[in-house]
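Chains as they are written, first to last, in our numbering: chain A, 256 to 764; chain B, 256 to 764.
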């Protein structure tokens, strides 16, 4: 936001800002009267890009125009939350609105569309403009589409990764080895992170893990972890926790690692495209910015997972490892089973109970979650030099079985602000098998939607608790899963969906 | 808008509509409280796509969420003008908001991104969803970028053209020959259309011409023509004018010919990309939908024109002619000089005076405008069978010189609702040569901006009137051009821009 404001002038008419409390994700939006002097004189139309400046800061925003006096006076400009925050204004402050300067990096996007490869400088300038909020959805989609139509090669992937690292915060740690983990494409209930961090840190390695909140799923790792301890840590607290305990499980929102990634991911989700180059830059830029030296990458492979076949997973792992090496980051990719959900809970608190039962070595703890966590922690212990090749999983299992992992987890939670007991839902309702038979199909997408309709992740205790897995035999009337909700209204809403959604599970004969 | 509403239910909570008078171009936008029951239960976030239904009609819209009660009550939903018009609601009407159905055509867009060519069915479904307002900017940009990265081949261009024709209105005429003209890329002041229509119709051919209003320029043909006669004709009136006089010069907004085109053009402009396939489909779909059988296409070629070289113009002309032939449309492409503006006026009324002076055979009429009009009209008379090959221009010139063109133009204006005298600006100010010398450079972009700042096209009399052309010799203090404005404020605003914009014209020594 340091561009020189070349077009605004001292004698130009001013507007008074008005906070609309309008949420628009990363896009800065402003609303002005179509009949105001500046709109008329500058020839602004709805959806014009405009530059709003208050003398100290400036922001590029998308303009929407209104008619009539009901929302704004002629000299008022309404600001979305993003615009409001970026400008740092107070109600009634004066701003000037003008044409934004030309954006040179779009010429590189156009060159890329027409089949030319880009160099490091071009990627840097594109990513800088993206993070400055100067790219509209149209520009973002064009850049990402061009990178899919002609896939990024290895050099371009390195350039994009570097550009994404450079525009955000960077963490640095004193330790020579800093371990991280990442899972490509969320499987419902796949909450290995807290268990892996506990095992790895209990063995003396440094693992400062930051995770995301749910965007479209019923729970992100940060949402789940928040039911067990505070996760909204500022950088100083996060550093203190890691120095004391060797690990943390925090929300990544307080540190701005690779801020371009969130913007790209939103657009990729809207397009429903995944490209290898973008995926690698997305994963590695966050790890590099977080100061990691070693990373274990979980690649679930399955028909309904993000990665659908072994050939794709092999190629992804190879390119991922090669690009990581260019940044002195040692990556190990593990292909895991992506054919069905992990554990029993779907929703923040219900997933936390799964994690606790594994850490507590409960006899009824979900074995698939335990196995996955042990495999990933084992790989981390091996690349981190705490176990020889092939012996990591055994060390991880003994760390878990002996109670050291739980002790470390407890200490991390205390350091983050205190261990909490996850809430339990007040309204629990079973959905039962319509007939006896074997479970032959589970629709993960419908289960996730059901958990969200029941209130997850906003309502921490809400979600779905699985009573069966693929291949189980059930009797007629036996519960298939329970819906958990915090209010009767949300329970009713979820059950209504369950009644009309078609088969969520299929009981074969 | 006839999709079955599969997810809304009779018992679902309703919202009362509120008209925001918010302009958002083609994008339907709705605003809801983030804390309303539907947003929470359905898991809607800001920028979610939602389906708004009122029992009779439904519209897919982009949701923005607000906090607090200042704008909306908990059960109110604010509608942009596009959403309001598409739903056809009245203040306080009840609607239901739900998830939109899956959009299958996006799978084709993704296939196209990954290098697969699309068939007629795929293009039809994409264009149908685009016109139904179901494509976000992200989807639109991805489709257009994919069509640029791997250019449309001839079959795809035919398929896209057909799809664009089929989703809009279509005009049919009794005449066997229906003539049209089109100019690729507007040169400032290039107002040949009214002159060409007058000459062609005076020779007995049918030429029902619809034109656009300015979007980013100081005047569109419809803006200019409106200073001479009403142009906002409904289809019945348009048909009556053409039946009586053989031609019209109307605004195209009342007939929805190729509505997808306006949407694609907006996004292409934002990306600043022009692709041959899209350009051909854009031009031809409107001509085919208008019921034309013969079309003359003006391709200005010049360093600052849309088409920059003869090789590109040759290839474009060849493909354009071939695709047109597939729809039984005979196209003739003419390459013309695109190196400087045409005529003397820039702005609706000032351009109208140029047109009138040519039609009146005034001695000081701009010769470049006359020559271009005669060339294009000559080509139209030749392809329309009214003149033999090579003799069209002579016939056109004699139609003009003998007064028949003016007589026809006058009759068309009367039929459209009455000939008007264009307004004259009350505030006219010269900008003069800083020294003696020869005009070596004219910045068309700055002249267009200046005309807009002076009030064009909203203020009909406003704009710029050129007193010199490239190559002219001027004395110190001699006017280079006059700025015309309707108010002192707009004049001051334009002159202020002129003072700080740098060289608008360069006087060489």
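Just so it is clear, CB atoms sit at the ideal spot from N, CA and C, and this is done for glycine as well.
**Cβ contact (3+ pairs, closer than 8 Å) linking the segment 268-278 of chain B and the segment 328-337 of chain B** = yes
Review point. Alpha carbon to alpha carbon, how far is residue 259 (chain A) from residue 522 (chain B)?
Key: Because the pLDDT of residue 259 (chain A) is 32, which lies under 50, any placement of that residue in the model is unreliable, and the question is left without a value.
**Prompt:** Would residue 753 (chain A) pass as a contact of residue 739 (chain A) if the rule is Cβ separation under 9 Å?
**Reply:** no
Query - Inter-residue Cα distance where the pair is residue 306 (chain B) and residue 672 (chain A) - result: 43 Å
Is the segment 451-460 of chain B touching the segment 649-659 of chain B in the sense that three or more CB pairs, one from each, lie closer than 8 Å?
-> yes
Helix, strand or coil: how does DSSP classify residue 402 (chain A) here? helix
- Query: Under a Cβ-count criterion, where at least 16 other Cβ atoms within 10 Å of its own Cβ denotes burial, should residue 644 (chain B) be classed as buried or exposed?
  - Reply: exposed
### Query
What residues from chain A crowd round residue 748 (chain B), counting only those whose CB sits closer than 8 Å?
296
- Message: Any beta carbon from chain B within less than 9 Å of residue 475 (chain A)'s own beta carbon?
- Response: no
**Study point:** Buried/exposed call for residue 573 (chain B), threshold 16 Cβ in 10 Å
**Key:** exposed
Practice prompt. Kindly indicate if chain A contains any beta-carbon less than 9 Å away from that of residue 277 (chain B).
Written response: yes
(message) When you compare the CB positions of residue 482 (chain A) and residue 607 (chain A), do they come within less than 9 Å of one another, or not?
(response) yes
* Per-residue DSSP class, three states only, for residue 438 (chain B) -> strand
Check your understanding: Roughly how many angstroms lie between the CA atoms of residue 736 (chain A) and residue 686 (chain A), to the nearest whole one?
Key -> 6 Å
- Item | is_contact[residue 363 (chain B), chain A] using C-beta, thresh 9 Å | no
Checklist line | residue 589 (chain B) versus residue 399 (chain B) - alpha carbon distance | finding: 27 Å
Requested in this report: Please state whether DSSP places residue 533 (chain A) in a helix, a strand or coil.
Outcome: helix
| query | Around the Cβ of residue 265 (chain A), are there at least 16 other Cβ atoms within 10 angstroms (buried) or fewer (exposed)? | reply | Only weak support is given to the placement of residue 265 (chain A): the predicted model assigns it a pLDDT of 47, under 50, and the question is left unresolved by the model.
Interface positions of the segment 292-321 of chain A facing chain B (Cβ-Cβ less than 9 Å), listed along the chain: 292, 295, 296, 297, 298, 300, 301, 302, 304, 319, 320, 321
_Cβ closer than 7 Å: which chain B residues qualify as neighbours of residue 707 (chain A)?_
298
Practice item. State the Cα-Cα distance for the pair residue 397 (chain B) and residue 526 (chain A), rounded to the nearest angstrom. Key: 8 Å
Check: Counting Cβ pairs, one atom from each stretch, are 3 or more of them under 8 Å apart for the segment 533-551 of chain A and the segment 424-440 of chain A?
Finding: yes
Just to confirm before moving on: does the CB-CB distance between residue 720 (chain B) and residue 599 (chain B) stay below 9 Å? yes
query: Residues of chain B with CB under 7 Å from residue 280 (chain A), in chain order?
result: 301, 302
| field | Buried/exposed call for residue 630 (chain A), threshold 16 Cβ in 10 Å | value | buried
Pairs of beta-carbons, one from the segment 688-697 of chain B and one from the segment 528-538 of chain B, closer than 8 Å: are there three or more?
no
Cutting at 6 Å between CB atoms, please list the residues of its own chain near residue 728 (chain B), excluding the five before and the five after it.
693
- To which residues of the same chain is residue 748 (chain A) closer than 6 Å at the C-beta, ignoring the five residues directly before and after it? 708
- Whether residue 500 (chain A) touches residue 663 (chain A) by CB criterion (9 Å): yes
| Using 8 Å as the threshold, is the segment 572-586 of chain B in touch with the segment 548-557 of chain B, meaning 3 or more CB pairs across them? | yes
Classify residue 409 (chain A): buried if its beta carbon has 16 or more other beta carbons within 10 angstroms, exposed otherwise.
exposed
Delimiting residues of the alpha helix (DSSP H) encompassing residue 353 (chain A):
No alpha helix (DSSP H) holds residue 353 (chain A); the beta strand (DSSP E) holding it covers 349-353.
Quiz item: Given a threshold of 16 other Cβ atoms within 10 Å of its Cβ, counted over all protein chains shown, does residue 257 (chain B) qualify as buried or as exposed?
Solution: Only weak support is given to the placement of residue 257 (chain B): the predicted model assigns it a pLDDT of 28, under 50, and the question is left unresolved by the model.
Practice item. Could you check the C-alpha separation between residue 368 (chain B) and residue 360 (chain B) for me, to the nearest Å? Key: 13 Å
Item to complete: For residue 565 (chain A), count neighbouring C-beta atoms within 10 Å of its own C-beta (all shown protein chains included) and say buried if the count is 16 or more, exposed if not.
Response: exposed
- Item | Backbone CA spacing between residue 444 (chain B) and residue 297 (chain B) [nearest angstrom] | 53 Å
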